[in-house]
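See below for the structure under consideration.
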Amino acid sequence: MGIEQKLGNMGVVTTTLEQAVNWSRFRAMWPMLFGLACCAIEMMAAQASSYDLSRFGMELMRASPRQSDLMIVAGRVSRKMAPVLRRLYDQMPEPKWVIAMGDCASCGGVFNNYAILQGVDEVVPVDVYVAGCPPRPEALIHGIVTLHEKVRGEKVKQWAKA
Amino acid sequence: MNKKLQPIVQALQKDLDAQVDEFRDEVHVSVAPEHILVACQMLRDKFDFELLSTLTAVDYWPEENPRFHVIYQLTSVSRGLSLMLRVPLAGMMPVLPTMTVVYQNANWRERELWDMFGIRFTGHPDLRRILMPSDWEGYPLRKDYPLGYEEPQFTFNFEEIDLRKPYAKG
């Protein structure tokens, strides 16, 4: 049932560069290990055995921005934290993606005040917004799968966005 | 009032001209700003109030005289007593002598009061902001500080507000 049945006797398979690169990108998208508030608890639950993000090639939460492809902003971002968050984003190698997890990261949530950023898209470009306060692990996984669909459909000319 | 507290409060009244106020067995002693250091020194050395449990403030804006109350909550572990000292402060930019010379732990508390209320403590060893970023303007816990929230978007003004939003570019 695997690819070996299609190989024939040649040991060669043909595909497009686009498909091969996109496949490698979305099948092993390592998120960065950091959480800012209660949403991080749901993110941990999504990582743990019953939801098991490693099904999507995300078993490793990298503790270093240099090794991660995906930033999951899990929680509210205070104005004091915002420069730190932007710095972490800048330290991630291209290509990189951002998920704003939960209402606070998406739009400020219940914290409509002076101390909290009204949406993390003020400091980093966001690919997927996940609603919920906090979103359940299923919702986060849905966001991740949505991002996977986006990355899977990228064209060669979009790669050179940086 | 607790019987053990009575001589202490009387001493404060006699020596420092303090006003005493009682609410549900909690004793509040109002002390003038120039007397607060002496009062705490006396409470610590003579009456065994070893611990400054908390140091906080209230903003009674739009009242201006006094606008702020600085509150010292003192505890005596050995005698099982607690006492609240209130210092009413007039004016928009009030100044108080630092309490760090009597209670070391007043250091961060006073920095917080400076950060949040703009109450300056003279003689403080390191009076910087503690919670807000160092380049922050204004004192957020003052009543006249704007909340600074974002306008809620509805269907009729969604686009208009959306255009003013600072979206980050990749």
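Chains as they are written, first to last, in the numbering used here: chain A, 1 to 162; chain B, 1001 to 1170. Ideal Cβ positions, reconstructed from N, Cα and C, are used throughout, including at glycine. Quantities reported herein were computed from a predicted structural model and do not represent experimental measurements.
Contact set between the segment 66 to 96 of chain A and chain B, restricted to residues whose Cβ is under 7 Å from the partner
79 and 80
Of all the residues that make up the segment 1132 to 1151 of chain B, which are near chain A by a beta-carbon distance shorter than 9 Å?
1132, 1133, 1136, 1138, 1140, 1145, 1146, 1147, 1148, 1149 and 1150
Buried/exposed call for residue 1034(B), threshold 16 Cβ in 10 Å
exposed
Chain B contacts made by the segment 119 to 145 of chain A, where a contact means CB separation under 9 Å
119, 120, 121, 122, 123, 124, 125 and 126
Nearest-angstrom Cα separation, counted from residue 72(A) out to residue 1151(B)
26 Å
The alpha helix (DSSP H) spanning residue 1059(B) covers which residue range?
Careful: residue 1059(B) lies outside any alpha helix (DSSP H), inside the beta strand (DSSP E) at 1051 to 1059.
Less than 7 Å between the beta carbons of residue 151(A) and residue 26(A), yes or no?
yes
Residues from the segment 38 to 59 of chain A in contact with chain B, defined by Cβ distance under 8 Å:
none
Contacts that residue 112(A) makes with chain B (C-beta to C-beta distance below 7 Å):
1149 and 1150
Looking at the unbroken alpha helix (DSSP H) that takes in residue 44(A), where does it start and where does it end?
39 to 47
What runs of the alpha helix (DSSP H), each 4 residues or longer, lie entirely inside the segment 15 to 97 of chain A?
17 to 27, 39 to 47 and 82 to 91
Determine which residues share a DSSP beta bridge with residue 1212(B) and list them.
Any property of residue 1212(B) remains undetermined from this structure, which presents chain B solely from 1001 to 1170.
Spatial distance of residue 1020(B) from residue 1007(B) (CA atoms)
13 Å
Express the C-alpha separation of residue 143(A) and residue 162(A) in angstroms, rounding to a whole number.
With a pLDDT of 49 at residue 162(A), under the threshold of 50, the modelled position of this residue cannot be trusted; read the value that follows with caution. Their backbone Cα atoms lie some 23 Å apart in a straight line.
Would residue 108(A) be called buried (16 or more neighbouring beta carbons within 10 Å of its own) or exposed?
buried
In the DSSP assignment, the beta strand (DSSP E) including residue 1086(B) goes from what residue to what residue?
1081 to 1089
Identify every run of the alpha helix (DSSP H) within the segment 96 to 155 of chain A, keeping only runs that are complete inside it and at least 4 residues long; order them along the chain.
102 to 107 and 137 to 152
Partner residues on chain B for residue 108(A), Cβ-Cβ distance less than 7 Å
1150
What are the boundary residues of the alpha helix (DSSP H) that residue 1007(B) is part of?
1006 to 1016
Keeping to the same chain, check which residues put their C-beta closer than 6 Å to that of residue 1163(B); ignore five residues upstream and five downstream.
none
Run through chain A and tell me which residues come within less than 9 Å of residue 1259(B), C-beta to C-beta.
Any answer about residue 1259(B) is impossible in this case: the structure gives chain B only from 1001 up to 1170.
I'd like to confirm the pairing. Which residues does DSSP put opposite residue 1095(B) in its beta bridges?
1120(B)
Mind checking if residue 17(A) is an interface residue toward chain D, Cβ cutoff 7 Å exclusive?
Looking for chain D here will not work: the only protein chains present are A and B.
Excluding the 5 residues flanking residue 1111(B) on each side, which residues of the same chain have their C-beta closer than 8 Å to its C-beta?
1124, 1126, 1127, 1128, 1129 and 1130
Where residue 1130(B) sits in the DSSP three-state scheme:
coil
In the DSSP assignment, what are the bridge partners of residue 1074(B)?
1052(B) and 1083(B)
From residue 1078(B) to residue 1048(B), what does the alpha carbon distance come to, in whole angstroms?
7 Å
Give me the Cα-Cα distance between residue 88(A) and residue 1134(B), rounded to the nearest whole angstrom.
20 Å
Identify which residue in 155(A), 34(A) and 112(A) has its Cα closest to the Cα of residue 1148(B).
112(A)
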